[in-house]
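Numbering (this note's numbering), first residue to last: 64 to 147. All C-beta atoms, glycine included, are put in the ideal place defined by N, C-alpha and C. Since this is a predicted model, take the numbers as computed values, not measurements. Here the structure is laid out as structure tokens; the discussion comes afterwards.
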């Protein structure tokens, strides 16, 4: 069952993962993995914050990824973590 859209990201998420992104290349690797394993679009997953802008300044970014797809297998998070 889909959760209402008026809830916060963390309330709607099937799974939330804290990540540290160290470079723009690392950011794009993560986006590519999420798009291919979860699906494209903000209704499938999202990251908190202005990641790319901070990375372009040379910062390391700690953020949270929220996954919304109802049929997402939470065990896939381990695959995600190990692949990064």
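- In this model, residue 141 and residue 101 are separated by some 14 Å (Cα to Cα).
- Linking residue 119 to residue 110 through their CA atoms gives a straight-line distance of about 16 Å.
- By the Cβ neighbour-count rule, residue 93 is buried, with 16 or more other Cβ atoms within 10 Å of its own.
- Within the segment 69-125, the complete beta strand (DSSP E) runs of at least 3 residues fall at 78-84, 108-110.
- In this model, residue 90 and residue 143 are separated by some 13 Å (Cα to Cα).
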